[in-house]
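J.:
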Amino acid sequence: METDKVKIVPVLKMVLRILLGAFFIATAIMKLLSLDHFELYIFSFQIFNFVLSAIIARLVIAAEMILGFFLIFKILYKPTWWATMLMMGGFTLLLVYVAIFRNDSSCHCMGDLVELNPAWSIVKNLVTIVLLLLIRRETPARFRGWKLVGILGVCAAFVATFVCFPLDGIYNLFKKDKNPYNEEAFHAFMQDSLMRAQELDTGNYIIGVVASGCKYCKISAEKLQAISERNRLDDSRILLTIWGKEESLAEFEEITGDSEFRYVTISPIQAVQLVNGRFPTYLFVHNGQVVQTADLRQLTERGVVDFIPQQKQASSHE
C-alpha cells in the first residue's frame, strides 16, 4: 500500500505540472486573442506611452507562454519555477492595488473570453501559487535535445506575439492602402446642417466614422479616449459620426466615459459612401480639409497628440 502511494505521488505531481503549464499557455493565448484590450488596459495606468504599453503587453504574453512551456518540459526547472512564482506574486500585488484604488470590472488576465474582476483574479493567483508550491521539487529535464526544445519554445512565443500580432508601427510600414476617403462625399457631408452646426471650419479636428456594432470601432474609440485622457487633450475637437441600432448607440457612447467627445448620428449609406465602407476610419481635418486618414492601427498616440491641442488651449483656434 505504501509502495503504491510512492508511485502515485510523482504521477499526480507530473499531471499537476503539465496542467499548470498548459494553463499559463492558455491564458497567454486568450490575452493574445484580445490583445487590443490588453494593451489599452496597461496603457490605462498612464505610466507608459502607447507604444511601450503595446511592447509590454506582448512581453508579458510571451513570458507566460515560455514559462508554461518550460514547466511542461521541465526545462531549466528551478529558475523557471522561481520566475513563475515571482510573476504570480507581482501580478497579485498589482491586483491588490487595482482592487483598492481602481474600479476595474476586468483585469484582462484571461482576455475577453473569461472576464474576471480583480478580486477573483487574486483568488485565482493565490490558488495557482499554492499549486506551484506542490511541484516545487522536480528534477530538471535531461532528455536529449532539451536545449533545442527550449530555444524553439522561446522562438515560438516571440513569433506568436511580435510577428503574428505585429506592433502598429510595423503593421503600418507594410500597409499600402492608406484608407482613402471619398472626397466628394466628404464635402457634401460637411455641408449637412448637423455638421455645419459643429463649426469645424477653423482649426484641427478628428472626425471618426464608426459603426456602433463594430468591435474594432469600439476598440478605436476606447484607444482614442485613453490617449486623450493621458495627454489632457481638448476632447471637444474629437467628433464621432456613428451609425447603428439605437440601443447599441448608447452602449458605444459609454466606452468614451467622461470625455467630451461629440457624437453625430448618420445614416449607414452616408457612412459607407464617406469612407468607402471601411470602419473605423478617422479623418484628421484642418480648416475644413482632410489632411490625413487613419484606421485602428494607424491611430497612433504621437499622431493624435501632435494634431489635437491640449485642454488649456481649448478656447483658441489655430
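Sequential numbering of the sequence shown, starting at 1, is according to my numbering. Every residue, glycine too, gets a C-beta built ideally from N, C-alpha and C. Remember, it's a predicted structure, so these values are computed and weren't measured experimentally.
(1) I'd like to check one pair, I56 with I75: are the Cβ atoms closer than 7 Å?
(2) According to DSSP, is Q311 helix, strand or coil?
(3) Quick one: give me the first and last residue of the beta strand (DSSP E) that Q289 is part of.
(4) D235 and E260: beta carbons closer than 7 Å?
(5) Using a threshold of 7 Å, state whether the C-beta atoms of A64 and A99 are closer than that.
(6) Count the other C-beta atoms from every protein chain shown that fall within 10 angstroms of the C-beta of C214, then say buried if there are 16 or more, exposed otherwise.
(7) With 16 as the cutoff for other CB atoms within 10 Å, does W82 come out buried or exposed?
(8) State buried or exposed for M187, treating a residue as buried only when at least 16 other CB atoms are found within 10 Å of its CB.
(9) Would you check if the distance between the CB atom of Q298 and the CB atom of T256 is smaller than 7 Å?
(10) By a C-beta neighbour count over all protein chains shown, 10 Å radius and 16 as the cutoff for buried, is S212 buried or exposed?
(11) Have a look at the DSSP bridge pairing and note the partners of Y41.
(12) For E301, is the classification buried or exposed, using 16 other Cβ atoms within 10 angstroms of its Cβ as the cut-off for buried?
(13) What are the uninterrupted segments assigned as beta strand (DSSP E) that are 3 or more residues long and contained completely in the segment 171 to 217, given in chain order?
(14) Quick test of your reading: I238 and I266, contact by CB under 8 Å. State the CB separation rounded to the nearest angstrom.
(15) Here's a check: name, in chain order, each residue in its chain whose Cβ is nearer than 6 Å to the Cβ of A119, leaving out the five neighbours to either side.
(16) Which whole-angstrom value describes the C-beta separation of F319 and G21, a residue pair presumed to lie in contact below a C-beta threshold of 8 Å?
T.: Per the coordinate set shown:
(1) No, they are not a contact pair.
(2) helix
(3) It spans 289 to 294 - the beta strand (DSSP E) in which Q289 sits, taken as one unbroken run.
(4) E260 sits close to D235, with the two beta carbons spaced by under 7 Å.
(5) At residue 64 the sequence reads Glu, which differs from the Ala that was named. Not closer than 7 Å, so no.
(6) buried
(7) exposed
(8) Just to set this straight, residue 187 is His in the shown sequence, not Met. Classification for H187: exposed.
(9) no
(10) buried
(11) DSSP, once it has assigned bridges, lists no residue as partnering Y41.
(12) buried
(13) 204 to 211
(14) With a Cβ gap of about 16 Å, I238 and I266 do not count as contacting.
(15) The residues are A99.
(16) In the structure as shown, the chain begins at 1 and stops at 318. Residue 319 is therefore absent and cannot be evaluated.
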